[in-house]
Amino acid sequence: MSSAERGTPGVPSPQERGAERTRAWATRLVVAGIVLSALNLRPAITSLGALLEEVRDGLGMSGSVAGLLTSVPPLCFAVFGVTAPRLARRFGPAAVVCAGMAAITAGLLIRPYLGGTAGFLAASALALMGIAVSNVLMPVIVKRWFPDRVGSMTGLYSMALALGTSVAAAVTVPLADALGGGWQGGLTVWAALAAAAVLPWLPLVRERGTARPQEPEHGAAPRHAPLRITRSRTAWALAVFFGLQATAAYVTMGWMPQIFRDAGVPAGTAGVLLAVTMVMGVPLAFVIPRVATRLPQQGPIALVLGACGLAGYAGLYLAPAGGAWVWALLLGVSNCAFPLALTMVGMRARSGPGVAQLSAFAQSTGYLISIPGPLLVGVLYQHSGGWGLPIALMAALMVPQMAVGFLAGRDRTVEDEVTR
38 MSSAERGTPG VPSPQERGAE RTRAWATRLV VAGIVLSALN LRPAITSLGA LLEEVRDGLG
98 MSGSVAGLLT SVPPLCFAVF GVTAPRLARR FGPAAVVCAG MAAITAGLLI RPYLGGTAGF
158 LAASALALMG IAVSNVLMPV IVKRWFPDRV GSMTGLYSMA LALGTSVAAA VTVPLADALG
218 GGWQGGLTVW AALAAAAVLP WLPLVRERGT ARPQEPEHGA APRHAPLRIT RSRTAWALAV
278 FFGLQATAAY VTMGWMPQIF RDAGVPAGTA GVLLAVTMVM GVPLAFVIPR VATRLPQQGP
338 IALVLGACGL AGYAGLYLAP AGGAWVWALL LGVSNCAFPL ALTMVGMRAR SGPGVAQLSA
398 FAQSTGYLIS IPGPLLVGVL YQHSGGWGLP IALMAALMVP QMAVGFLAGR DRTVEDEVTR
């Protein structure tokens with residue numbers, strides 16, 4: 038080897054400089070992919086909620102089928118999310134997320150134009166399948182690419198997710214009006230955002246997944262035996278915590294405006310109150326994961342968020358209209374248990390495959406737990422003739438959420454528990 042090839046001691050060789058530029062460029066692509074993907078993980082749901090009445094009228098959808106739509110997202114998240122680790126092992130996480138974004142794009146493009154309720158549900162399921170696998174693999178990608186910045190990157194991802202959720206809820210109706218007043222245009226427009234999220238992952242698919250360039254590629258990585266994840270108490274605590282916080286979030290999104298309207302708050306104001314609750318997740322979703330990763334245990338954060346939820350439900354029970362803005366803010370803080378749960382997924386497993394298994398188990402089991410919540414609240418409201426009993430139920434569920442959140446936040450990993 039010549040002296041030019043060896044390089045000067047302490048000075049990077051041309052090959053090393055080229056590898057460093059490749060790593061920097063790939064890292065930028067991953068950050069862009071994470072942000073764009075997170076922006077697309079909820080608009081398929083919240084844009085439909087904003088135009089649900091128009092969709093029902095346009096498709097001749099019955100009230101019971103429309104009610105079923107509120108339970109389809111968590112059901113799809115549970116069913117399809119569990120397949121994500123196996124797909125990631127075979128194709129690489131980047132390829133699966135890329136395919137997930139493509140599925141969201143296709144589902145959003147075709148669902149308004151299939152001409153019937155069955156087609157609409159099938160296309161919605163296609164989009165939700167893409168969301169489900171991406172939900173599970175985002176913590177895996179963060180863990181692999183940014184092992185020393187799990188908190189900040191989870192915060193960035195969670196903030197983008199909250200932003201996409203709130204923006205889709207707020208602007209879908211104005212967009213539909215601007216596009217001619219049809220609900221089809223208002224729903225289809227979000228396919229463009231999903232299509233943009235495909236692009237950053239394409240070069241990473243060619244690199245066989247999301248292993249950092251200086252690490253072994255996906256195909257050469259050592260194989261890890263699957264964990265017996267169901268033997269881990271921490272995994273179960275995290276799954277139940279995930280399910281109870283998802284229950285609270287779906288009840289808030291689905292029913293909080295009606296609670297305020299029944300208390301005499303104008304319809305427009307009730308919608309703004311929901312937007313306030315959802316927007317609270319944007320800054321807090323960035324702050325909470327950063328704080329969580331600096332603490333040896335995350336249980337105290339779960340207790341604080343739960344206390345805010347209890348105070349918010351107490352306010353809704355005692356004086357829903359009198360302190361409406363305060364209750365909306367408190368419930369917005371409480372709903373930030375979601376980024377806390379994602380952060381704990383990344384912290385409760387040591388390896389990338391362990392994070393993938395834990396993420397799939399916690400999210401799939403959690404979303405199954407969350408399915409009955411919104412339906413049960415509706416049944417209690419209908420049969421009791423008021424909101425006292427449903428609100429009491431939600432406050433009661435906040436207590437076990439705080440307990441399992443405290444358990445899930447203990448400083449331990451699932452690998453340690455399943456190998457004892």
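With our numbering, you'll find the sequence shown wraps up at 457, consecutive numbering, no jumps. Heads up, the beta-carbon is just placed ideally off N, CA and C, and yes, glycines get one too.
- So, residue 297 versus residue 357, is the Cβ gap smaller than 8 Å? yes
- Item | Reduced DSSP category for residue 179 - H, G, I as helix; E, B as strand; rest coil | helix
- Item | Short Cβ contact (8 Å threshold) for residue 367 with residue 352 | yes
- Do you know offhand how far residue 141's Cα is from residue 118's? 14 Å
- Residue nearest to residue 188 in terms of C-alpha spacing, selected from 409, 312 and 383: 383
- Query: DSSP three-state call for residue 450: helix, strand or coil?
  - Reply: coil
- Item | Cβ neighbours of residue 320 in the same chain (closer than 8 Å, five flanking residues each side left out) | 196
- Terminal residues of the continuous alpha helix (DSSP H) containing residue 353? 336-355
- Using the Cα positions of residue 210 and residue 222, report the straight-line distance between them to the nearest angstrom. 10 Å
- Is it true that the CB of residue 361 sits closer than 8 Å to the CB of residue 302? yes
- Hey, how far is the Cα of residue 427 from the Cα of residue 418? 6 Å
- Cβ neighbour criterion (16 or more within 10 Å) applied to residue 218: exposed
- Item | Residue nearest to residue 149 in terms of C-alpha spacing, selected from 62, 311, 394 and 95 | 95
- Output the distance between the C-alpha atoms of residue 120 and residue 450, rounded to the nearest integer angstrom. 22 Å
- Since residue 271 and residue 445 are thought to touch, with beta carbons under 8 Å apart, how far apart are those beta carbons, to the nearest angstrom? 6 Å
- Give the DSSP-derived three-state secondary structure of residue 172 in the structure shown. helix
- In this structure, does DSSP put residue 362 in helix, strand or coil? helix
- Task: For my contact list, residue 371 and residue 285 are in at a C-beta cut-off of 8 Å; report their separation, rounded to the angstrom.
- Result: 7 Å
- Reduced DSSP secondary structure (H/G/I, E/B, other) of residue 255: For residue 255, the pLDDT reaches just 41, beneath the cut-off of 50, and the residue's location in the model is therefore unreliable, although a value from the coordinates is still provided. In this structure, residue 255 counts as helix in the three-state DSSP scheme.
- Item | Close-in-space but distant-in-sequence residues of the same chain around residue 41 (CB under 6 Å, 5 per side omitted) | The predicted position of residue 41 is uncertain, since its pLDDT is 48 and thus under 50; a value taken from the coordinates is nonetheless stated next. Answer for residue 41: no residue qualifies.
- Message: Can you list, in chain order, the residues of its chain with a C-beta nearer than 6 Å to that of residue 420? Leave out the 5 residues immediately preceding and following it.
- Response: none
- Task: Report the rounded CA-to-CA distance for residue 128 versus residue 183, giving the unit in angstroms.
- Result: 21 Å
- Spatial neighbours of residue 246 within its chain, please: CB distance less than 6 Å, with the 5 preceding and 5 following residues excluded, ordered by chain position. Confidence at residue 246 is low in this model, with a pLDDT of 43, below 50, so the placement of that residue should be treated as unreliable; the coordinate-derived value is given next. So the qualifying residues of the chain are 129, 130, 131 and 255.
- Message: Buried or exposed, going by whether 16 or more other CB atoms sit within 10 Å of the CB of residue 239?
- Response: exposed
- Whose C-beta lies closer than 6 Å to the C-beta of residue 226 among residues of the same chain, with five residues either side of it excluded? 212
- Consult DSSP for residue 127 and reduce its assignment to one of helix, strand or coil. helix
- Task: Compute the Euclidean distance between the alpha carbons of residue 348 and residue 126, then round it to the nearest angstrom.
- Result: 44 Å
- Query: Which one of 437, 269, 430 and 398 has the shortest CA to CA distance from residue 170?
  - Reply: 398
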